[in-house]
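Residue 117 in numbering that gives the first Met the number 0 sits at position 118 of the sequence shown, with consecutive numbering throughout.
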Amino acid sequence: MKNAKNFKIEIIFSGFGGQGILFAGNLFALAGVLAGYHATFLPVYGPEMRGGTCNCTTIISQTEIASPVVKEPDVLVLLNLPSYLKFMSRLKKKGLALLNSDLIPEEVILKDDKLNQGKRILKIPMNSLSENIGYPQLANIVAVGALWATLKAFEKKYIEEALKKMLKGGKERFLAPNLEAFKAGVEFVVKKKTK
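Structural data, given as structure tokens:
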């Protein structure tokens with residue numbers, strides 16, 4: 000994808016408030032900037048953040064970005080069922096959805112078979128993967144790892160650099176767990192592709 004002419008990708012990240020959705024979207028945008036792309040990050044603040052869905056948009060492009068608003072995303076990163084119900088219908092026809100299979104039941108996805116036709120759906124047990132490495136609060140970074148491994152829009156080192164920049168000022172102790180969670184997401188996608 001990184002060699003595509005006029006490369007531009009519009010992403011919506013969504014989940015419960017407290018799942019680190021804004022951190023994930025900001026991380027991917029910063030990594031895009033470090034890789035030399037134009038990027039925008041637009042967090043959505045409002046009453047829905049109190050226990051409801053929290054979301055943000057990230058756009059990464061080779062050319063300048065006119066607006067950070069995303070109506071029909073190329074990619075959805077959805078960490079919970081309310082996010083799936085809210086955003087899945089907005090995904091472009093041949094878009095990609097990374098779904099947290101721990102919180103989005105298979106029967107709901109199957110029920111929406113007609114809606115999801117032509118869309119690429121990748122089910123990832125984000126919560127389980129983060130729990131397996133001992134960091135249950137890092138399902139968002141597992142999602143970023145899976146997103147990076149699926150798109151490969153830029154080199155992995157830019158995610159690592161972005162994490163280092165975002166986890167400064169007394170937060171350095173969180174770098175190793177975040178890198179481990181990122182790796183878990185990458186490895187899940189790589190294993191899934193080789194099956």
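Yeah, the Cβ is synthetic: ideal placement off N, Cα and C, and Gly gets one too.
Here P72 is buried: its Cβ has 16 or more other Cβ atoms, across all protein chains shown, within 10 Å. Under the DSSP assignment, T57 falls in the beta strand (DSSP E) whose first and last residues are 52-60. If you draw a straight line from the Cα of L137 to the Cα of N99, it is about 12 angstroms long. L26 sits in a helix when the DSSP states are folded into three classes. Judged by DSSP secondary structure, P135 falls outside any beta strand (DSSP E); it is assigned neither H nor E. Around E9, the same chain offers I58, V69, P72, D73 as residues with beta carbons nearer than 6 angstroms, after the five sequence neighbours per side are excluded. Between G184 and L121, the beta carbon gap of about 11 angstroms keeps them out of contact (Cβ cut-off 8 angstroms). Assignment of alpha helix (DSSP H) within the region 95-149, counting only whole runs of 4 or more residues, yields 105-110, 112-115, 125-131 in chain order.
Judged by DSSP in its simplified three-state form, E9 adopts strand.
Relative to N139, the option among L162, K192, V32 whose CA is nearest is L162. Contact annotation: S82 and G14 have beta-carbon atoms nearer than 8 angstroms. I132 and W147 do not touch by the CB rule: their CB atoms are close to 17 angstroms apart, not below 8 angstroms.
In the three-state reduction of the DSSP assignment, V32 falls in the helix class, which pools H, G and I. For P42, DSSP records a beta bridge to C55. C-alpha of R119 to C-alpha of T149: approximately 11 angstroms in a straight line. Taking 8 angstroms as the upper bound for CB-CB distance, T62 and N5 are in contact here, some 7 angstroms apart.
V189 counts as exposed, since fewer than 16 other beta carbons sit within 10 angstroms of its beta carbon. Out of T39, L77, K191, the CA that lies nearest to the CA of P104 is found in L77.
Under the DSSP assignment, L77 falls in the beta strand (DSSP E) whose first and last residues are 74-77. For G169, the secondary structure class from DSSP, reduced to helix, strand or coil, is coil.
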